[in-house]
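Per my numbering, residue 74 is the first one in the sequence shown, and the count goes up by one each step. Following: one structure in structure tokens, then a few remarks.
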Amino acid sequence: MAVMARHCPDIRFIVADIDAEKIRAWDSGKPPIYEPGLTEVLAESLHRNLFFTTDIGPAIDQADMIFVSVNTPTKTFGEGAGYAADLQYWERTARTVRAHARGPKIVIEKSTVPVRTAEAMEYILNQGGQPWRFEVLSNPEFLAEGTAIRDLEMPDRVLIGGADTPSGQAAVAELVEIYARWVPRDRILTMHVWSSELSKLAANAFLAQRISSINAISELCEVSGARVQEVARAVGMDSRIGPKFLEAGVGFGGSCFRKDILNLAYLCRYYGLHVAADYWEAIVRFNEHQQARFVRNIVHRMFNTVVGKRIALFGFAFKADTGDIRESPAIRVARCLVEERARVVVTDPEALDNARRELVDVADRVEFCSDPYEAARGADAIAILTAWRIYRELDYRAIFRDMVKPAFLFDGRNLLDPREMYEIGFNVFPVGSPPLVHG
Ligand SMILES: NC(=O)c1ccc[n+]([C@@H]2O[C@H](COP(=O)([O-])OP(=O)(O)OC[C@H]3O[C@@H](n4cnc5c(N)ncnc54)[C@H](O)[C@@H]3O)[C@@H](O)[C@H]2O)c1
């Protein structure tokens with residue numbers, strides 16, 4: 074909304090959330106999340122045409138368009154538990170909109186939702202006996218955390234799905250006009266609402282599939298002596314495939330991939346498409362395997378015991394340039410190492426508070442440290458879990474000097490040059506290429 078408000082100074086944007094603490098932070102100009110460039114973009118429109126409130130009723134009533142971007146986590150109970158999307162927040166929002174609107178509104182799905190959610194939403198909205206109709210559009214969000222502002226400023230595409238009715242098409246046209254203020258028209262795709270809903274799930278599944286595919290190749294590389302980065306380069310130079318999302322590592326994280334793919338698999342199963350469901354689910358299963366084998370490798374390479382050993386985790390965010398740790402591989406790595414009775418030290422430039430909250434139940438066995446040099450001091454091993462640029466630029470000679478010998482380096486993001494690290498003295502374990510171990 075901050076990016077929209079910047080491009081549409083004549084439109085009033087009101088962001089309403091039930092979480093008062095978050096709203097207070099946004100309203101003070103200090104977003105509660107780390108995202109490069111966000112504070113500056115927010116400052117441009119804050120209190121000019123961008124407002125934050127917890128007063129949801131009036132915000133609904135004053136609006137012509139309502140973007141619903143509440144969370145849609147994986148269901149943890151009942152039918153579809155562990156797979157299907159939990160739509161309780163969604164449905165609650167539909168009922169809240171219906172209760173507070175005193176005129177027609179265009180309701181826009183921003184959250185990632187299962188195909189045909191708009192239909193259910195429209196049904197609930199239009200059952201209030203009111204003399205007008207609510208129009209529901211699908212406008213899934215494709216921003217990636219860490220590059221959110223750039224992605225919103227210059228999106229590869231904007232999808233707008235609506236019903237094939239005159240009122241549905243009129244609502245689509247209204248939303249197109251807003252995006253067209255800064256997005257080239259040929260990048261604004263209009264389509265049927267169900268296609269739009271499914272496209273978002275499909276896009277995330279394709280992205281995650283590339284990661285699991287290259288990670289599966291990385292496992293084969295480790296036993297065969299091939300090098301995954303060389304293979305990825307060769308594969309990615311095929312113009313039909315392309316070079317992006319072909320970096321092997323400790324596995325994908327983030328709040329979306331896992332939940333969206335399980336959701337896609339559930340949809341397939343719901344329609345009786347079990348082979349398709351198994352196909353998509355395998356992407357998630359392989360990701361879990363990749364994370365598990367990364368930790369197993371740490372224990373195995375350190376002579377099958379890490380009891381009492383200090384292991385520094387470089388990075389806790391699920392990827393660089395964000396403080397978000399949801400589904401981060403680092404969670405699993407930290408917990409497994411604690412279980413193995415290692416002394417775990419976590420460092421991260423932006424995610425340390427979130428890491429503290431996540432590991433609160435094992436806080437007596439984990440240290441948190443903002444300085445990576447201090448984290449590594451006296452450590453037996455470093456595991457790089459997030460590809461923060463600063464971890465590329467550290468003085469690894471100094472770090473090595475202060476570590477217990479032999480010093481181990483498990484590079485879960487292939488961030489460092491393994492040969493260079495080996496020459497400093499580390500035993501180096503990259504993902505997907507042969508380890509470099511001093512005899
Ligand atoms: N995070 C991403 O990078 C990303 C990218 C694309 C799409 N999405 C999708 O966007 C949706 C939201 O994701 P997120 O990461 O922002 O989740 P989030 O959990 O960070 O934010 C959801 C917000 O909704 C609020 N909320 C819940 N119920 C509410 C209600 N009834 N009324 C008002 N506010 C309510 C919560 O307090 C919370 O602040 C999800 O469907 C997700 O799949 C996220």
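We treat Cβ as the ideally placed atom computed from N, Cα and C, and that holds for glycine.
Given a cut-off of 9 Å, decide if residue j and residue i are closer than it, judged by their beta-carbon atoms.
i      : j      : result
Arg430 : Val379 : no
Ala193 : Glu164 : yes
Arg260 : Pro228 : yes
Ala89  : Thr126 : yes
Phe389 : Ala449 : no
Val411 : Leu432 : yes
Tyr156 : Val143 : no
Ile197 : Ala167 : yes
Thr185 : Asn277 : yes
Ile106 : His173 : no
Gly322 : Gly485 : yes
Gln363 : Gly324 : yes
Glu447 : Tyr469 : no
Asp137 : Thr147 : no
Glu117 : Arg85  : no
At a threshold of 8 Å, does residue i count as lining ligand 1 (C-beta to nearest heavy atom)?
i      : result
Thr378 : no
Ile129 : yes
Ile261 : no
Asp426 : no
Ile87  : no
Asp90  : yes
Asn212 : no
Tyr107 : no
Ala275 : no
Arg165 : yes
Glu270 : no
Leu160 : no
Cys329 : yes
Glu423 : no
Ser142 : yes
Ala221 : yes
Thr185 : yes
Leu432 : no
Thr145 : yes
Thr169 : yes
Asp394 : no
Asp229 : no
Asp351 : no
What does a CB cutoff of less than 6 Å around residue i pick up in its chain, not counting 5 residues either side in sequence?
i      : result
Glu108 : Ala221
Gly110 : Ile222
Tyr495 : Val501 and Leu509
Gly327 : Phe391 and Glu400
Glu214 : Lys183
Ala460 : Ala393, Arg486 and Leu488
Glu354 : Ala338
Arg175 : Asp134
Phe330 : Asn277 and Ala281
Cutting at 8 Å between CB atoms, please list the residues of its own chain near residue i, excluding the five before and the five after it.
i      : result
Ile233 : Leu210, Ser211, Asn212, Val245, Leu248, Val249, Tyr252, Ile261, Leu262, Thr263, Met264 and Ser269
Leu115 : Ala75, Trp99, Gly102, Pro104 and Leu123
Ser240 : Arg206 and Glu208
Ile139 : Ile133, Val170, Lys178, Ile179, Val180 and Ile181
Ile384 : Ile371, Leu410, Ala415, Arg416, Val417, Val418, Ala452, Asp453, Ala454, Ile455 and Ala456
Gly315 : Gly309
Arg300 : Cys294, Gly505, Ser506 and Pro507
Ile497 : Tyr469, Arg470 and Phe473
Got a sec? Which residues, its chain only, sit under 7 Å from residue i by beta carbon, not counting five neighbours each side?
i      : result
Leu225 : Val76 and Leu216
Val256 : Pro228 and Val231
Arg374 : Phe481 and Phe502
Leu271 : Val188
Gly298 : Pro507
Lys95  : Pro105
Gln242 : Gly235
Less than 8 Å separating the Cβ of residue i from some heavy atom of ligand 3?
i      : result
Ala217 : Inclusion of ligand 3 in the displayed structure is not the case, the ligand content consisting of ligand 1 alone.
Under 8 Å, with one C-beta from each stretch per pair, do the region 176-188 and the region 201-211 reach the 3-pair mark? Inter-segment contact for the region 176-188 and the region 201-211 is present: three or more beta-carbon pairs are separated by less than 8 Å.
Between the region 274-283 and the region 331-339, do three or more beta carbon pairs fall short of 8 Å? yes
So, do the region 392-407 and the region 421-435 have three or more beta carbon pairs nearer to each other than 8 Å? yes
Does the structure place the region 435-445 close enough to the region 343-359 that three or more beta carbon pairs sit under 8 Å? no
Given 8 Å as the limit, is there contact between the region 472-484 and the region 453-460, that is, 3 or more CB pairs closer than that? The region 472-484 is in contact with the region 453-460.
Please confirm if the region 338-345 is in contact with the region 402-411, defined as three or more CB-CB distances below 8 Å between the two stretches. no
Measuring CB atoms only, is the region 290-299 touching the region 497-510, in the sense that at least three cross pairs come out at less than 8 Å? yes
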